[in-house]
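S.K.:
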Amino acid sequence: MRADSTEATLLSMERPDRQRSILTAARSEGRVSVSDLSARLGVSVETVRRDLSALESKGLLRRSYGLAYPVETAAYESDLMTRQGAHTGEKERIAAEAVRHVGDAETIFIDEGYTPQLIARGLPPRRFRVVTASLPIASLLADRDDVIVYLLGGRLRGNTLGIVDHWATEMLSAFVIDLAFIGANAISREHGLTTPDPAVAQVKATAIRVSKRRVFTGVSTKFGVTSFSRFAEVTDFDIVITDRRLSSSEARRISALGPVVTRV
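Note that the sequence shown ends on residue 355 in the working numbering; no numbers are left out.
(1) Cα separation between Ile362 and Thr317?
(2) For Arg154 and Glu147, which I take to be in contact (beta-carbon distance under 8 angstroms), what is that distance rounded to the nearest angstrom?
(3) Can you check whether the CB of Val294 is closer than 8 angstroms to the CB of Ala271?
(4) How big is the Cα-Cα spacing for Ile239 and Arg217?
(5) Quick one: what's got a C-beta closer than 7 angstroms to Arg305's C-beta in the same chain, skipping five residues either side?
(6) Considering only residues of the same chain and omitting the five flanking positions on each side of Glu79, which have a CB-CB separation below 6 angstroms?
(7) Among Val355, Ala117 and Leu209, which has the Cα closest to the Cα of Ile332?
(8) Hey, Val123 and Ala159: beta-carbon distance below 8 angstroms or not?
(9) Buried or exposed for Tyr156, please, with buried defined as at least 16 other CB atoms from any protein chain shown within 10 angstroms of its CB.
(10) Can you grab the Cα-Cα spacing for the pair Ala323 / Thr285, in whole Å?
(11) Give every residue of the same chain whose Cβ lies closer than 8 angstroms to the Cβ of Leu243, excluding the five residues on either side of it in the sequence, and list them in chain order.
(12) Applying the criterion that 16 or more other CB atoms from any shown protein chain within 10 Å of the CB defines a buried residue, is Arg344 buried or exposed?
(13) Buried or exposed: where does Ser311 fall if 16 or more other Cβ atoms within 10 Å of its Cβ makes it buried?
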């Protein structure tokens, strides 16, 4: 047997294990690079690209500029620590832009997640009532004399420290909110905004329903993919804020549905 044929056979036999290793690394680290994977796995860059293409076709990874990011599904959702280590610069810019849209809002809903934490940290010094399903955000704002914090009650999710279930949605339903900052695990023109956990989706959907203005904040890798549970349509939002890696053409397509799209 020719040497190149032997190598091809070996790689073919190892492909499932190799792809599992790639997916595990992406999920634990938040992102992986083609060159790093090539060195780690001892295979060519072309082999890594084929593996990433296969994982992307299954909806498990999203590729962008030589990097690959895990797509969150009904079977997988990243924890807060992973989210804090991924796309940090983009999230800081998105949060700063989001704060500029507070306007004259007096009551604000801030979603769970790392970008929402940055938004909470950046709120200007003035009187606010902040409603949140996030234990870290409530703790972050608790020391501010100018902010009254309403933490929703319910079941605490260990991986994100967000609060869900009917106690949370019933409490939230009693409020009228001026402005909601909402995140998602995935957003697409075809399937709207989705998240892996239906309980989380219910909280987000309720926040959108009771809010007068809605702002979506999320990095560009969330666009064009879908998760398990739909909670909103793109048309439900006034503003969409993301980073500049979202193409201008896709930004125009989203804007055509109604929201103002800002890339920072």
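Glycine is no exception: its CB is placed at the ideal position from the N, C-alpha and C atoms. Fair warning: this is a prediction, and the values are worked out from it, not measured in the lab.
M.R.: According to the data block:
(1) Any question about residue 362 goes unanswered here, given that the chain covers just 92 to 355.
(2) 6 angstroms
(3) no
(4) 11 angstroms
(5) Ala271, Ile273, Ile299, Asp327, Phe328 and Asp329
(6) Any question about residue 79 goes unanswered here, given that the chain covers just 92 to 355.
(7) Val355
(8) yes
(9) exposed
(10) 7 angstroms
(11) Val222, Thr223, Ala224, Ile254, Trp258, Ala259, Met262, Leu263 and Val294
(12) exposed
(13) buried
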